[in-house]
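The number in this note's numbering is simply the position in the sequence shown, starting from 1, with 600 added.
Beta carbons are placed, not taken as given, at the ideal position from N, Cα and C, and that holds for glycine.
Bear in mind the structure is a predicted one, so any value in this text is a computation, not a measurement.
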Amino acid sequence: MRRTMLTLLTLTVIAPWLLGACDTKTKTVDSCGDGFLDPGEACDGSQMTATTCDELGYYDQQGVLTCRSDCTFDLSVCTGGRCGDGNLQAGEGEQCDVENLDEMSCSTLGLGDGTLSCKDTCRFDISLCELAVECGDDVAASPYETCDGTDLDDQTCESQGFHRGDLACNAECTEFDTSGCTNCGNGDVDDGETCDGANLDGQTCVTQGFGSGTLACNDGCTGFVTTGCSMNYLSPNIGTMIYVPAGTFQRDATSTNLSVVSAFRLSEHEITRAQWTAVTGWADPSNVTYSSGTSDPVQMVNWYDAIAFCNKLSILEGLTPVYAVSGVDFAALTYAQIPASSNTPWNEATANWAADGYRLPTEMEWMWAAMGADTAAPGLTNTTGYAKAFAGSTGTNVIDDYAWYTTNSGGKSHPVGTRLENELGFHDLSGNIYEWAWDWYAAYATGTQTDYRGPGAGAGRVARGGNWYGAASNCSVADRYYGNPYSRNYYIGFRVVRP
601 MRRTMLTLLT
611 LTVIAPWLLG
621 ACDTKTKTVD
631 SCGDGFLDPG
641 EACDGSQMTA
651 TTCDELGYYD
661 QQGVLTCRSD
671 CTFDLSVCTG
681 GRCGDGNLQA
691 GEGEQCDVEN
701 LDEMSCSTLG
711 LGDGTLSCKD
721 TCRFDISLCE
731 LAVECGDDVA
741 ASPYETCDGT
751 DLDDQTCESQ
761 GFHRGDLACN
771 AECTEFDTSG
781 CTNCGNGDVD
791 DGETCDGANL
801 DGQTCVTQGF
811 GSGTLACNDG
821 CTGFVTTGCS
831 MNYLSPNIGT
841 MIYVPAGTFQ
851 RDATSTNLSV
861 VSAFRLSEHE
871 ITRAQWTAVT
881 GWADPSNVTY
891 SSGTSDPVQM
901 VNWYDAIAFC
911 NKLSILEGLT
921 PVYAVSGVDF
931 AALTYAQIPA
941 SSNTPWNEAT
951 ANWAADGYRL
961 PTEMEWMWAA
971 MGADTAAPGL
981 TNTTGYAKAF
991 AGSTGTNVID
1001 DYAWYTTNSG
1011 GKSHPVGTRL
1021 ENELGFHDLS
1031 GNIYEWAWDW
1041 YAAYATGTQT
1051 DYRGPGAGAG
1061 RVARGGNWYG
1071 AASNCSVADR
1081 YYGNPYSRNY
1091 YIGFRVVRP
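Next comes the structure, spelled out in structure tokens:
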């Protein structure tokens, strides 16, 4: 008993202290000015149940909506009236407002006797009229129904200011539903549209990640149609650059010697004599004794000439040149300034592999394109392409249909593209003319190599593919040739690569 009394005494002493320690910010009902939204308050200080007059149903607002000291909104900034204020705002689509029926009745609406009233939406309530026509009967009874189901009162998307589409009526028959209307087809890229007809908003196949082609807009103006786009790139100066997909191949008879190659684009044809002069402005260096005309591959070009052409073509097309040679301004370079003997700065030329300009293929890129990439088994390692007798070989077709070489050439080159193409569409990768590659010539590296670009030095620069003067064996995918980078011969030319 004494312990119980002591406990009660203790609680009596400390209770006020405990109460004082509770949260002093507890909301107080109906205490306007405490910064809390109590029941029945529209606002209290910065606490607002609405922030605009529109949320309160008003048609206009002049100024910022604020809270008054009595916790009601200062509606002086809300102008234009609102549905429910008893004033008819016909310009806002009101037919009536509370008891204000604009002197209309069932009879003046042509609905016989009865009692006309106003809905909360400020539209006529004709349910008690003798001849009432209800929303949902597919009859638009103007003026109290704007539309009704399929009866759109002869209105269309076009009459509502849109270009085309399907107009509908809302569920209350009070206004048109224009969600099915669109401005697609008017030639302007409007809000929500990606494109419109021929107006592609500045987009092309190239900006969409392709190389060339014709981009189109879909019928709904919501996206592009890329069926006319190609991964190939069309150069205005040298024609089609064929897209070669990334892949992996076995480069020789050793199964572990694999080359992984990133995607690139390679010119469909060898660079011609006519293209050489058009791009560089220099005279055609070719030995005409061994050429049938200006549509033949350019020859008598050394490796230095080939990289100079690549940079000239890049500059001409507004691309970033790939190659740099110490002390050389390629934009101003003349043919006479290109060495015809071994030259250290030219031998030490560097390549910016990230540039978007033109360059020579690496030896592995050339080989990958010549074997037809992985067209026979997409996505799988090509383990037999290195053994092909010529580019385009199936093992049963004949080399004479695909390559100009010593047996069928008549002792000269021929116009590019006059022999059949390989699996990827390349002409003359075997025969017609040897083609310079980037790499220095040396024994292949072993094992798996990714985007291999050759050694830092070698016996000469690699050339691939055979030529009009050479034997059939020189046309094989595996055959390797090299020459001094400064030597100009009538059986060596080149083709080019770009990203």
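At the level of alpha carbons, what is the spacing between residue i and residue j?
i, j, result
"PHE776", "GLN662", "29 Å"
"ASN887", "MET900", "7 Å"
"SER941", "TYR1005", "29 Å"
"THR872", "SER895", "6 Å"
"CYS722", "ASP788", "37 Å"
"THR975", "GLU963", "19 Å"
"ALA908", "THR807", "28 Å"
"GLU1023", "MET971", "8 Å"
"THR708", "GLY691", "21 Å"
"ALA936", "GLY1047", "43 Å"
"GLY828", "PRO845", "19 Å"
"TYR958", "ASN911", "7 Å"
"ALA1059", "ALA1045", "15 Å"
"GLY820", "CYS773", "28 Å"
"ILE1033", "THR826", "36 Å"
"ASP1000", "SER993", "11 Å"
"ASP796", "PHE762", "14 Å"
"THR715", "GLN695", "15 Å"
"TYR1090", "THR794", "53 Å"
"SER727", "GLU655", "29 Å"
"TRP946", "ASN786", "57 Å"
"MET648", "GLN689", "27 Å"
"LEU919", "ASP956", "6 Å"
"CYS769", "ALA650", "30 Å"
"GLY881", "ALA1037", "23 Å"
"VAL898", "VAL1016", "10 Å"
"ARG682", "TYR658", "4 Å"
"THR1018", "CYS805", "30 Å"
"GLY1070", "LEU815", "44 Å"
"CYS1075", "ALA924", "32 Å"
"ASN982", "ALA798", "43 Å"
"THR1087", "PHE824", "Checking the sequence, you will find Ser at residue 1087 rather than Thr. Looking at the two C-alpha atoms, the distance is approximately 50 Å."
"GLN760", "GLY780", "12 Å"
Residue i and residue j look like a contact to me (Cβ under 8 Å); what is the Cβ gap, rounded to whole Å?
i, j, result
"ASP738", "GLY749", "4 Å"
"THR652", "LEU665", "6 Å"
"TYR1002", "SER1030", "6 Å"
"GLU948", "VAL1097", "Contact doesn't hold; Cβ gap of about 21 Å is too wide."
"CYS735", "GLU745", "6 Å"
"ASN837", "GLN875", "7 Å"
"CYS643", "CYS671", "6 Å"
"GLU1035", "GLY1065", "5 Å"
"GLU870", "ASP1028", "6 Å"
"ILE938", "ASP884", "So it is not a contact: roughly 15 Å between Cβ atoms."
"LEU953", "ARG1061", "Checking the sequence, you will find Trp at residue 953 rather than Leu. The pair is not a contact, with the Cβ atoms about 17 Å apart (cut-off 8 Å)."
"VAL1077", "ALA991", "6 Å"
"GLU730", "LEU701", "Going by Cβ atoms, the distance from GLU730 to LEU701 rounds to 17 Å, so no, they are not a contact pair."
"CYS747", "ALA741", "Rounded, the Cβ-Cβ distance is 10 Å, inconsistent with contact."
"MET831", "GLY802", "Wrong, their Cβ atoms sit about 21 Å apart, outside the cutoff."
Would you list the residues sitting across from residue i in a DSSP beta bridge?
i, result
"GLY1083", "ARG1061"
"ARG764", "THR782"
"LEU834", "THR840"
"GLN1049", "SER859"
"ARG959", "VAL1097"
"TRP1040", "ARG1061"
"GLY1017", "None, per the DSSP bridge assignment."
"ASN982", "PHE849"
"THR950", "ALA924"
"ARG865", "TYR843, ARG1098"
"VAL825", "ALA816"
"ASN997", "DSSP, once it has assigned bridges, lists no residue as partnering ASN997."
"ASP751", "ASP748"
"THR872", "PRO897"
"ASP777", "ALA768"
"ASP796", "ASN799"
"TYR1034", "ILE1092"
"CYS729", "GLY714"
Counting Cβ pairs, one atom from each stretch, are 3 or more of them under 8 Å apart for the stretch 838-856 and the stretch 986-1003? Touching, yes, given that three or more Cβ pairs across the two stretches are closer than 8 Å.
What runs of the beta strand (DSSP E), each 3 residues or longer, lie entirely inside the stretch 644-679? Whole beta strand (DSSP E) segments, 3+ residues: 658-661.
Runs of 3 residues minimum, wholly inside the stretch 672-723: which ones carry the beta strand (DSSP E) assignment? Listed in chain order, the complete beta strand (DSSP E) runs (minimum 3 residues) inside the stretch 672-723 are 678-682.
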